[in-house]
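The structure appears below as structure tokens.
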Amino acid sequence: MVKREDLLAPVLCAMAGVWVFLAWRLAGMPDPGGMGRMLPLTWFLCGLMCFHCRDTKFVPVSMVVFTVFCILWRVLPLGHHAAAAASVAGVIAMGLRVSGQRFGVVRGILPVFFLAVIVLPFTSDEVRFAEIAGDITGVRGYTFITRPGDPSPGDSHHTPVFPLMISPGLPFGTAGIRVMGFLPVLACALLMLKLLRRHSMPSPEFIAVAAVFMMPGFTLLGPALTGWTAAAVICGYAVLPRGRTGLAVTILLSVFLVALKMRFVGAAAGMIAVAYLENTGKAKGRFLVPLGVAAFLFLAIAGDRLLLGGRLIWLRYGTPETVLLLVMNTIHNPRVMLFSAVNMLFDAESGLLPKAPWVIAALAALPVLYRKHRDVFFRLAVPGVLYTIVHLVWTGEAWHGLPAPSTRVFMPLLPLFAVSLSAVLARKTSRLLIGVSLAVSALILVVPESRFNMASGSDNLMNLFQARGMMVSMLRPSGMAAAFWLFFGMTGVFMASRDSMTGMKVLFLSGALAMALPGNRGRTEAENAEPPLVHGALLYPENPDPALRSLWLFSKQRLLMLDHPDQHLFIQRGRRLFIRASGGPGALLVIDGDTIDVHSPLLPIPEILAQMGRHGIAPDRPENRAMREYSLDIRESAYLRVPMGGAPVFIDWLEVLE
Amino acid sequence: MGKSSERGELAFTLAGVSVWLVLVLFRGFSLEWTALPLAAAAVASLTGTPLFLPGFVILLASVFSLSGPGAAAAAGIYTVLVSPGLKGRLLGVLSVIPWLSGHYSPEAATLVAALMIPVFLGSFRIRAVVSTALFIAVLLFLGPPGPVASHPVPARCFLREGHAWWTVESITLANPEAILAPPVPAPFSITLEMDCGGIRDSLPMALLIAGENTVELPEGTHTVSLELTGSDSIFVTLIRGHSPFNHPVIHIKAVAEW
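So the protein lines, in turn, are chains A and W. So the mapping is simple: our numbering equals the position in the first sequence, first residue as 1, plus 170. So the mapping is simple: our numbering equals the position in the second sequence, first residue as 1, plus 101.
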């Protein structure tokens, strides 16, 4: 018999849906036909899923915040996005609440998945996978537009495994493909649940559902890509029994993982290595076998490369190139690798911690996991860490894969982090960090375009908050910012391990202040300059796709380009102007009637490439010219432009002193 | 109040003042930002409630967005509602006033004036009921607060030899005007494609003003071509105010040739 209390959550959720629908229209917020309908529907679905749930305190909280933002949406800079995010946060909170009940994992995830399918644009490799699936199955309907830098139309480094997995959804269009992409998400959550339950870890259902939401930009809110399948495989491996059967299945899973995407080879190797070590007990010399296998593989690849010119073994883009790449990244480029590793954690656009601060709690919990569940620790940590190392060495500075949502590259680490978080879920700091992460997820869901950063040096989501202070940027390296955020991260882990709420809040405050205070007062990155400071000037390169700049030899920032006398920079008030600019022969700048020659020489090939046999001067392209700094006296206001017939001038940054 | 909590109040008030001073140092003085130390002092009066520290941290963290005065105002309103002491509630109201100075509108001024009443009510329940009733009454009579009139910022223009194009933020009730500065100081022709929608009638929803031309824009897609001189800016202004069940929006594409 249905009790009255069982209906409380469904009724409240339905009322929330009605209120969201009405308030959106009463407030006159934009997109009433899109988000203004989908959010109420999500609440109704959430209500259907929340039957029997008696913990409903987040619904009124969410609705109060939503209402406040609705009233103030025309005044506040975040506008209606904040209202929508407050509503989504309520749905996520209810999903977490219902997770502990029967079929709770599915019931908790489903409403947000519904919203994601509807509101997220179908882009990136999703289209490419759909195209490949169409080629295989004959159900065509998607064509990937070749991006600049792609090998050639139709050429792809993708294997057919994932396209085949999503192919049953092809006849049903985008939603069908997303549903097929959802199945690995669900499999990952259920396998994680099984793993957590088997080891009697606390709140397994909560963790399984939260994990799905906590990789902002690449939760199930993300596109149907291979990351969730990899995470599901690693979770599946972690629940396998020991013994020959387990070893055999591990090998099969490893092969599947590599077939899914070559990038996961490190994770596959880690799985096999751990399974081997688990099954060999304390046998003498057991470490020699994996080392021997690794040596054999290395010799096979190197021998094929040296003796046969790489004919037998074909790695991505060809064996010679891959071997050269590995040599370059490991032997010649350790400093860049080190910086890339720091960027992986802290970069504002693509790093893990700015978008998923819950990882701080997870890192703090790793020793706990190691002490209490050593088997699980090794089964998750070794594949995860090996994957990360291989990915970093393999892809080098292009590890982030922008503009696709960058957190996708961290997916094989999700099981490790989520399971270790489970060990410290009772800590207040963990709850705080989870709350912040889920809020970021909610914001990203309602502003889906914020996931697609263009390696511009500033993160789309932080731009919404107008936060442009001291942040780590792989494009604009700053030792001070890197040192600060490294210290911040380490202190965060320490505070989380001590469960010090006050310390964590003070830390958050210091981070907020670091983001608030401008690193260089008055300095403007020229490509970010807005009217009335800039008029008519173009950006170089015009296409923002970071793939176009990935092979640039020096700085990879876009530049502001002045190449026409009607384009100008207008300095409204100030006494002195500093600019950092470059240009080819004939590049001049005119300011207040004075002419400045900004011709700068081409730079020599970087040392790292010189060590590998490339010598001489870099090709004659704007990005390869030396940047020079100029200090100019100006009157109260001034126009800065190129003269008629002058060569283009490329500006990196400008600074006005009043 | 024990001595330790008094010290806590003082410490957090000083922290707020320090952050404010740093802001003044880096960003220059602004009347709006005086909300921050006031709000810090107001929130500090909540010592002992579970929301004291998070409220304080959120307040200070808001300085990383330029919406800090808004957050300070929100903290002030919150303090008016929950602070047990008159001093804290008065400080709460005071921290809303600097925000009002930068975001003045009759609606906002009325809301702040209405906030003065619950300050002097001792019981939390009575304050909550009176505040909610006043809030609803003001909203019903005046409508929600609208965008603040600010210095007009032209849209970002890109130009090459002989032609130019703009990236124009969509016009909504929160951003009711777009300005396109002339691309060159010479006669030019401009073509604007405007998708207007979100209203429930066929009356004009926006005006396009350029030189001596004025065009009324009802709902629908409009393509307007104009010949302008080098000193003519183009203004597209929403003429609809807030009205329930209307969501006016205009998407603009513009290209010019000369």
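Glycine included, every Cβ here is placed at the ideal spot set by N, Cα and C.
Cross-strand partners of residue i (DSSP beta bridge)
i               : result
C258 of chain W : W:W267
Y710 of chain A : A:L729
K354 of chain W : W:E294
Y809 of chain A : A:F740
L747 of chain A : A:L802, A:V826
P774 of chain A : A:I787
G321 of chain W : W:C297
V119 of chain A : Nothing in the structure corresponds to residue 119 of chain A, since chain A is present only between 171 and 828.
T338 of chain W : W:E278, W:L308
Pairwise C-alpha distance: residue j and residue i
i               : j               : result
V268 of chain A : F332 of chain A : 31 Å
S590 of chain A : W266 of chain W : 52 Å
L340 of chain A : E448 of chain A : 41 Å
L718 of chain A : W569 of chain A : 15 Å
A472 of chain A : S337 of chain A : 37 Å
I501 of chain A : T492 of chain A : 14 Å
L523 of chain A : D764 of chain A : 48 Å
A531 of chain A : V663 of chain A : 6 Å
M102 of chain W : Y179 of chain W : With a pLDDT of only 43 at M102 of chain W, under 50, the local geometry of the prediction cannot be trusted, and no value is derived from it.
A651 of chain A : A437 of chain A : 31 Å
R621 of chain A : A574 of chain A : 8 Å
V289 of chain A : V606 of chain A : 22 Å
P284 of chain W : D736 of chain A : 8 Å
D545 of chain A : V409 of chain A : 10 Å
H250 of chain A : M384 of chain A : 23 Å
G171 of chain W : I340 of chain W : 27 Å
A609 of chain A : S290 of chain W : 47 Å
I761 of chain A : T396 of chain A : 53 Å
V190 of chain A : L266 of chain A : 21 Å
L363 of chain A : G406 of chain A : 11 Å
Sequence-distant residues of the same chain with beta carbon closer than 7 Å to residue i, five excluded per side
i               : result
A535 of chain A : S590, L591, A593, V594
P345 of chain W : none
V181 of chain W : R190, G193, V194, L216, P219, V220
L235 of chain W : A215, I218
N314 of chain W : L327
L196 of chain A : none
CB of residue i within 8 Å of CB of residue j, strictly
i               : j               : result
L824 of chain A : A696 of chain A : yes
M665 of chain A : G659 of chain A : no
L280 of chain A : M185 of chain A : no
R257 of chain W : E700 of chain A : yes
S828 of chain A : R750 of chain A : Note that residue 828 of chain A corresponds to Glu in the displayed sequence, not to Ser. No; because the gap between Cβ atoms is not below 8 Å, this pair is not in contact.
L802 of chain A : L729 of chain A : no
E375 of chain A : G462 of chain A : no
S271 of chain W : V350 of chain W : yes
D629 of chain A : E519 of chain A : yes
E320 of chain W : S332 of chain W : no
A808 of chain A : I741 of chain A : yes
Helix, strand or coil at residue i according to DSSP, with G and I counted as helix
i               : result
N630 of chain A : helix
G756 of chain A : coil
I302 of chain A : helix
Y800 of chain A : strand
S643 of chain A : coil
L365 of chain W : For chain W, the structure presents residues 102 to 359; residue 365 of chain W sits outside this window and is missing.
V382 of chain A : helix
V156 of chain A : The structure shown does not extend to residue 156 of chain A, since chain A is modelled only from 171 through 828, so no value can be given for it.
E519 of chain A : coil
G103 of chain W : Confidence at G103 of chain W is low in this model, with a pLDDT of 48, below 50, so the placement of that residue should be treated as unreliable; the coordinate-derived value is given next. In this structure, G103 of chain W counts as coil in the three-state DSSP scheme.
F426 of chain A : helix
T307 of chain A : helix
A287 of chain W : coil
Same chain only: Cβ atoms within 8 Å of residue i, ignoring 5 sequence neighbours per side
i               : result
I306 of chain A : P330, P333, L334, S337
F503 of chain A : In the sequence as presented, Phe is not what sits at residue 503 of chain A; that position holds Asn. Cβ neighbours of N503 of chain A beyond the five flanking positions: G566, I778.
Neighbourhood of residue i by C-beta, 6 Å cutoff - its chain only, sequence neighbours within 5 removed
i               : result
A282 of chain W : P255, S334
G416 of chain A : L410
T558 of chain A : none
Distance cut-off 7 Å: residue i Cβ against heavy atoms of the ligand FAD
i               : result
G186 of chain W : Judged by which ligands are present, the structure shown has none, so any question about the ligand FAD falls away.
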